[in-house]
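To start, the structure under review is shown below, and the notes come after it.
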Amino acid sequence: MEQPGKNEIESRLALMAGRKYCYIVNRGASALYMVYKVMRNLVNTNKSSGGGNKIVLPATMCHSPANVALYAGLEIIFCDVNEDDYTIDANCLQVILENTTGILGVLSVGIFGHSPDMSRISKLCSHYNVWLIDDACQSIGGYHGNIPLGGWGEVGIYSFGYSKIVDIGWGGAILTNNEFIYDSCKQLYSELAPPHENILNLRAMYSKTYYTIEKLEFEFSELSRLFLPFPEIFKQLYIYNEPPPVNKLSELSEALDGLDKNISGRYRNWDIYNTTLIRNNNIKIPEIRKG
Numbered sequence: 066m067e068q069p070g071k072n073e074i075e076s077r078l079a080l081m082a083g084r085k086y087c088y089i090v091n092r093g094a095s096a097l098y099m100v101y102k103v104m105r106n107l108v109n110t111n112k113s114s115g116g117g118n119k120i121v122l123p124a125t126m127c128h129s130p131a132n133v134a135l136y137a138g139l140e141i142i143f144c145d146v147n148e149d150d151y152t153i154d155a156n157c158l159q160v161i162l163e164n165t166t167g168i169l170g171v172l173s174v175g176i177f178g179h180s181p182d183m184s185r186i187s188k189l190c191s192h193y194n195v196w197l198i199d200d201a202c203q204s205i206g207g208y209h210g211n212i213p214l215g216g217w218g219e220v221g222i223y224s225f226g227y228s229k230i231v232d233i234g235w236g237g238a239i240l241t242n243n244e245f246i247y248d249s250c251k252q253l254y255s256e257l258a259p260p261h262e263n264i265l266n267l268r269a270m271y272s273k274t275y276y277t278i279e280k281l282e283f284e285f286s287e288l289s290r291l292f293l294p295f296p297e298i299f300k301q302l303y304i305y306n307e308p309p310p311v312n313k314l315s316e317l318s319e320a321l322d323g324l325d326k327n328i329s330g331r332y333r334n335w336d337i338y339n340t341t342l343i344r345n346n347n348i349k350i351p352e353i354r355k356g
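In structure tokens, the structure reads:
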């Protein structure tokens, strides 16, 4: 079977997210890095804005968005998550936006099968004139209201890497309605270096070191400080330019074909967890929201 073209897959992803433009890159982290860079450059050259270098991230998420924010020269402000669905808390976000200067944008992350309160978060970002980046790396196929996750704010992000809903072991995507953001991200990606010559060994070393420390810190919490130099040591794992490996676009197309079935299976799994765990009074079960 002939492998689908990159442009064809990008058009399909853009349609899924309700966007005009989509650009596929090597991973979601690279996509975020370029969006951060474009956001910082664009806002700080706009004389009508106050400028700044701060990004608001949810306190519970994958560490990659924080790492690449550092690479992009941003200062991170962590916002608490709510106890109902573990996504960024809109009340806490409002307090941060009201009392902090120099904020460029907010990263809202759909995670653990839940979407943030995108309607309110979007209104807050508009009111305080900051970017909203809709990180749907772990929530592709979901909705908030009638708008697909990845379709809110200035930019949406998808990932197709390890453990994601669409997992082909490679790739990410930038989704936007803004042609300038789209063109700028494409240009930045073209300027990135190719992968480190020993990237497979570097990935193996990262995993070995990370999980060794993670296991030991349960016994001695001070060892968690050993994670602090990780972003700098393993920077080459995050920021590089790599064309789609052979057959990856076909794998992505097949995974998208099966996305509805995949999500239905996750709903069934949630029903099993809910039925089993609800008997334990010490466990708070978040409310599931269809879509």
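So the sequence shown is residues 66 to 356, counted in this note's numbering.
No residue lacks a Cβ here, since even glycine has one placed at the ideal position from N, Cα and C.
Taking a 10 Å sphere around the C-beta of glutamine 252, we find fewer than 16 other C-beta atoms and assign the residue as exposed. Taking a 10 Å sphere around the C-beta of asparagine 132, we find 16 or more other C-beta atoms and assign the residue as buried. Tyrosine 151 counts as buried, since no fewer than 16 other beta carbons sit within 10 angstroms of its beta carbon. Between cysteine 250 and serine 224, the C-beta gap is not smaller than 7 Å, which leaves the two residues out of contact. The beta carbons of leucine 293 and isoleucine 278 sit no closer together than 7 Å. Collapsing the DSSP output to three states places arginine 185 in a helix. Glycine 236 has its alpha-carbon roughly 7 Å from the corresponding atom of isoleucine 89. A Cβ-Cβ contact shorter than 7 Å links tyrosine 136 with isoleucine 304.
Contact annotation: valine 100 and valine 220 have beta-carbon atoms nearer than 7 Å. DSSP places alanine 155 in the helix class (H, G or I) of the three-state scheme. Boundaries around isoleucine 328 are those of the alpha helix (DSSP H), 324-342, since no beta strand (DSSP E) includes it. For lysine 119, the enclosing beta strand (DSSP E) covers residues 119-123.
Counting other Cβ atoms within 10 Å of its Cβ, histidine 209 reaches 16 or more and is therefore classed as buried.
DSSP places tyrosine 223 in the strand class (E or B) of the three-state scheme. The criterion of a C-beta distance shorter than 7 Å is satisfied by glycine 170 and methionine 104.
A residue is called buried once 16 or more other Cβ atoms fall within 10 Å of its Cβ, and serine 129 is buried on that count.
Taking the Cα of asparagine 164 as reference, the smallest distance to any Cα among Ser184, Leu197 and Lys119 is reached at Lys119. Between the C-alpha atoms of isoleucine 348 and tryptophan 335 there is a straight-line separation of about 14 Å. The beta carbons of glycine 175 and leucine 122 sit no closer together than 7 Å. Looking only at Ala96, Asn91 and Glu140, the smallest Cα-Cα distance to glycine 117 is reached by Glu140.
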